[in-house]
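Student: My questions all concern the structure below.
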Amino acid sequence: MIRRISSNLESFKSLDFKNGLNILLSDKSEGATERQSRNGAGKTSLVELVHFLTGGQVGKGNIFSSATLGENTFNILMDVGNKEVTVERTGFSPGKVRVDRRVENWLELAKTRKNPEILELSNTNWREILGAEWFGLDTAKAEEKFKPSFRSLFSYFVRREGSGGFINPTQHSSMQQIWDNQVNNSY
-8 MIRRISSNLE SFKSLDFKNG LNILLSDKSE GATERQSRNG AGKTSLVELV
42 HFLTGGQVGK GNIFSSATLG ENTFNILMDV GNKEVTVERT GFSPGKVRVD
92 RRVENWLELA KTRKNPEILE LSNTNWREIL GAEWFGLDTA KAEEKFKPSF
142 RSLFSYFVRR EGSGGFINPT QHSSMQQIWD NQVNNSY
């Protein structure tokens, strides 16, 4: 469960979530059509931030690697397995995440432990941990082809409108490969 999303960015409005269903709503801007809100409340940005904090790729042109946001730290407080952890990630160092708790079975994946209470993990290891904890994926078979991955399974739960994630209930993206769709839905 996601409990809180925050940042050291001064203009960022932290969000606290409660048990159960949480829905982010906003008022429609004056002059907007039935299909638009155009109010800049940050609904789409929140979806992108959740993907970023759960191991999403940061490619060229990604908002989190921009000069405006890249140096800022974004945080998510969430349940992973039976632990409540805070994870932070920055756009200028997208290949690593920092976790604020010592989780014993994650220690072998940690890159550095300057502070013994903070683990620094590669983004790849972070995705493997989330896949194992949330979906029961076998990390030993991570390189195997035609198997579900954390990022693909997670995309069914946090859908992106811009990727066509709401067009077909069995697909998380209009560009999703047929084999990926079949593997994930079978899983």
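All residue numbers for the sequence shown refer to this note's numbering, where the first residue is -8 and numbers rise by one.
Just so you know, even glycine gets a beta-carbon here, dropped at the ideal spot from N, CA and C.
So, do the stretch 151 to 170 and the stretch 121 to 128 have three or more beta carbon pairs nearer to each other than 8 Å?
Tutor: Output reads no: the stretch 121 to 128 does not touch the stretch 151 to 170.
Student: Distance check for valine 174 and glycine 72, CA to CA, integer angstroms please.
Tutor: Rounded to whole angstroms, glycine 72 to valine 174 spans 24 Å at the Cα level.
Student: In terms of residue numbering, what span does the beta strand (DSSP E) encompassing phenylalanine 65 cover?
Tutor: Per DSSP, phenylalanine 65 belongs to the beta strand (DSSP E) from 64 to 71.
Student: Would you kindly report the start and end of the unbroken beta strand (DSSP E) that includes isoleucine 240?
Tutor: The structure shown does not extend to residue 240, since the chain is modelled only from -8 through 178, so no value can be given for it.
Student: Using three-state DSSP, classify leucine 44 as helix, strand or coil.
Tutor: Here leucine 44 sits in helix by DSSP.
Student: Flag glutamine 173 as yes if its beta-carbon sits less than 8 Å from any beta-carbon of chain B, otherwise no.
Tutor: The structure shown contains no chain B, having only a single protein chain.
Student: If you measure between the beta carbons of leucine 60 and glycine 82, is that distance less than 8 Å?
Tutor: For leucine 60 and glycine 82, yes; Cβs fall inside 8 Å.
Student: With DSSP run on the structure shown, which of helix, strand or coil describes glycine 35?
Tutor: Reading off the sequence, residue 35 comes out as threonine, not glycine. If DSSP states are grouped into helix, strand and coil, threonine 35 belongs with the helices.
Student: Could you tell me the distance, in whole angstroms, from the CA atom of phenylalanine 55 to the CA atom of serine 84?
Tutor: Approximately 10 Å, taken between the alpha carbons.
Student: Check glutamate 111 in the structure and name its three-state DSSP category.
Tutor: Note: glutamate 111 maps to strand in three-state DSSP.
Student: By how many angstroms is the C-alpha of phenylalanine 141 removed from the C-alpha of aspartate 171?
Tutor: Those two C-alpha atoms are separated by around 12 Å.
Student: The beta strand (DSSP E) that contains serine 185, what's its start and end?
Tutor: The shown model of the chain, from -8 to 178, leaves out residue 185, and the question about it has no answer.
Student: Which residue wins for smallest C-alpha separation from arginine 181, given the options Glu62, Gly11, Ser177 and Leu68?
Tutor: With the chain covering -8 to 178 only, the question about residue 181 has no answer from this structure.
Student: Does the Cβ of isoleucine -4 have 16 or more other Cβ atoms within 10 Å, making it buried, or fewer, making it exposed?
Tutor: It counts as buried.
Student: For tryptophan 117, which residues in the same chain have their Cβ closer than 6 Å to its Cβ, ignoring the five residues on either side in sequence?
Tutor: For tryptophan 117, where only same-chain residues beyond five positions count, the Cβ hits under 6 Å are Gly46 and Val88.
Student: Could you give the residue range of the alpha helix (DSSP H) that holds arginine 142?
Tutor: Unbroken alpha helix (DSSP H) run through arginine 142: 141 to 145.
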